[in-house]
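K.L.:
The structure is given below, and queries will be raised subsequently.
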Amino acid sequence: MRLGFHCSVGKGLENTVKEALRLRCETVQIFSRSPRSWARREFDIEEVKKFRAAIAYHNISPLVVHMLYLPNLASCDENLRAKSIAVLIDELKRCKILGARYLVVHPGRYASGDFETGIAGIINGITLSLKKVKNEVMILLENLAGGKTDIGKNFQELRRIIDCVKDNSRIGVCLDTCHLYAGGYDISGEGFNAVINKFDSEIGLSNLRLFHLNDSAEVLGSGRDRHAHIGTGYIGLEGFASIVNHKIAKKIPGILETPRSEHVADLDMDIKNITKLRDLII
Ligand SMILES: [Zn+2]
Ligand SMILES: [Zn+2]
């Protein structure tokens, strides 16, 4: 299984590559911009050129971009929804410039609205964005932890979005292990085998493109999104052993988003986490 981390872009793309190499990443996830601000700057094309060359040289693949946190395609606030679609369109273009294969997107939360309007908003927003931006970047819907108004917390909801998006060759799924567990899918022990079979029958394995490998600091079905270091949460080492040794692990890369103070790479802890996973591979 190809493993990597979410790496920071805050100090420039050159540093992103250095961080990825220090953490021994074979794949990398980044933000294309600050995740907590609507504002963004244009890319420096020379910087991007060097970044792409370094990523290729070090055989870091796939490159994944995670969408920023502010957009919400399921919002009942028309203004926010329109802004969210504009960002999704922009991010699809920025992925192409960076050479990213996947754009990970949180489906959305309906908040003060209702589920049906929310899910329709997600489907329409994604359909429109894929129509506007014709490139090979694929949107990956990430399963959410199952907070009260989260959409995409179970396989049926993800399936419904994929089925309804017009150009569904450019949409897939990123499964976050912590969110799976929080959403009530028991992947501790040998539970992963049954869960992935369920995924196959409800969504289809060909739609699975990426894992986020995080342990869960909260109990099964908590609906709460609290990541833990590998092997220290409720999923546990046995749970991760079932994942990294499953036959699909050869094809599906895994990105770690284990806890960090202030989201700064914590070299010792990060290396411990990725080494634990590599050691589990038989
Ligand atoms: Zn995410
Ligand atoms: Zn999470």
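Numbering (my numbering), first residue to last: 94 to 375. Just so you know, even glycine gets a beta-carbon here, dropped at the ideal spot from N, CA and C.
Among N236, R133, E119 and K142, which one has its Cα closest to the Cα of L163?
P.N.:
As a working mapping, residue 163 is identified with position 70 in the sequence shown. The shortest Cα separation from L163 among N236, R133, E119 and K142 belongs to R133.
K.L.:
Pick helix, strand or coil for R302, following the three-state DSSP scheme.
P.N.:
For the purposes of this step, residue 302 is taken as residue 209 along the sequence shown, with counting starting at 1. R302: strand per DSSP, three-state reduction.
K.L.:
Just tell me which of T220, G329 and V158 has its CA closest to the CA of K261.
P.N.:
The sequence position of residue 261 within the sequence shown is 168, counting from 1. Reading the sequence as shown, one finds Asn at residue 261 and not Lys. The shortest C-alpha separation from N261 is found at T220.
K.L.:
Determine the burial state of N307: buried for a count of at least 16 other Cβ atoms within 10 Å of its Cβ, exposed for fewer.
P.N.:
Here residue 307 refers to the residue found at position 214 of the sequence shown. That one is buried.
K.L.:
Does the beta-carbon of V121, which I'm using as the reference point, lie nearer than 8 Å to any heavy atom of ligand 4?
P.N.:
By its list of ligands, the structure shown excludes ligand 4, since it contains just ligand 1 and ligand 2.
K.L.:
DSSP beta-bridge partners for M231?
P.N.:
Numbered from its first residue, the sequence shown carries residue 231 at position 138. Bridge partners of M231: Y195.
K.L.:
For G265, write down the residues that DSSP places opposite it in a beta bridge.
P.N.:
In the sequence shown, counting from the first residue as 1, residue 265 sits at position 172. Bridge partners of G265: L233.
K.L.:
Would the beta-carbon of I212 fall within 9 Å of that of I244?
P.N.:
The residue labelled residue 212 in the question sits at position 119 within the sequence shown. The residue labelled residue 244 in the question sits at position 151 within the sequence shown. Yes, these two residues count as a Cβ contact at 9 Å.
K.L.:
Are the beta-carbon atoms of N300 and I255 separated by less than 9 Å?
P.N.:
The residue you call residue 300 lines up with position 207 of the sequence shown. The residue you call residue 255 lines up with position 162 of the sequence shown. Yes, the pair counts as a contact, with Cβ atoms nearer than the cut-off.
K.L.:
According to DSSP, simplified to helix, strand and coil, what is R202?
P.N.:
Your numbering for residue 202 matches position 109 in the sequence shown. It is a strand residue.
K.L.:
Nearest to D359 by alpha carbon, out of S222, H320, L116 and I296?
P.N.:
What you label residue 359 is simply residue 266 of the sequence shown in a count that begins at 1. The candidate whose alpha carbon is nearest that of D359 is L116.
K.L.:
For ligand 1, any of its heavy atoms closer than 8 Å to the Cβ of H199?
P.N.:
The sequence position of residue 199 within the sequence shown is 106, counting from 1. Checking every heavy atom of ligand 1 against the Cβ of H199, one is found closer than 8 Å.
K.L.:
Please state if the CB of L223 and the CB of V258 are separated by a distance shorter than 9 Å.
P.N.:
If you number the sequence shown from 1, residue 258 lands on position 165. If you number the sequence shown from 1, residue 223 lands on position 130. Cβ distance < 9 Å, so V258 and L223 count as in contact.
K.L.:
Is the beta carbon of H322 sitting closer than 9 Å to the one on D269?
P.N.:
The sequence position of residue 322 within the sequence shown is 229, counting from 1. The sequence position of residue 269 within the sequence shown is 176, counting from 1. The answer is no: Cβ separation not under 9 Å.
K.L.:
Short of 7 Å in beta carbon distance, which residues of its chain neighbour I374, apart from the five on each side in sequence? Order them along the chain.
P.N.:
Reading the sequence shown from its first residue, position 281 is the one you call residue 374. Counting only Cβ-Cβ distances below 7 Å, and skipping sequence neighbours, we find M94, V337 and N338.
K.L.:
What number of angstroms, rounded off, separates the C-alpha of N152 from the C-alpha of K143?
P.N.:
Residue 152 sits at position 59 when you count from the first residue of the sequence shown. Residue 143 sits at position 50 when you count from the first residue of the sequence shown. Cα to Cα, the separation comes out at about 14 Å.
K.L.:
Can you name, in chain order, every residue of its own chain whose Cβ lies under 8 Å from the Cβ of G105, other than the five neighbours on each side?
P.N.:
Working through the sequence shown from its first residue, we reach residue 105 at position 12. Closer than 8 Å at Cβ, skipping near neighbours: E140.
K.L.:
In the structure shown, what three-state DSSP assignment does A240 receive?
P.N.:
Indexing the sequence shown from 1 puts residue 240 at position 147. Looking at the sequence itself, residue 240 is Gly, so the reference to Ala does not match. Here G240 sits in coil by DSSP.
K.L.:
Would you list the one or two residues that DSSP bridges to F98?
P.N.:
Translated into the one-based positions of the sequence shown, residue 98 becomes position 5. DSSP lists V121 and L349 as partners of F98.
K.L.:
Would you check whether ligand 1 has a heavy atom nearer than 8 Å to the C-beta of D293?
P.N.:
By 1-based counting over the sequence shown, the position of residue 293 is 200. No, Cβ of D293 sits at least 8 Å from all heavy atoms of ligand 1.
K.L.:
If you reduce the DSSP assignment to three classes, tell me which class S309 lands in.
P.N.:
Residue numbering aside, residue 309 sits at position 216 when the sequence shown is read from its first letter. Three-state result, S309: strand.
K.L.:
Let me make sure I understand the geometry here. Which of I215, H99, M160 and I296 has the alpha-carbon closest to that of V266?
P.N.:
Indexing the sequence shown from 1 puts residue 266 at position 173. Among I215, H99, M160 and I296, the Cα nearest to that of V266 is on I296.
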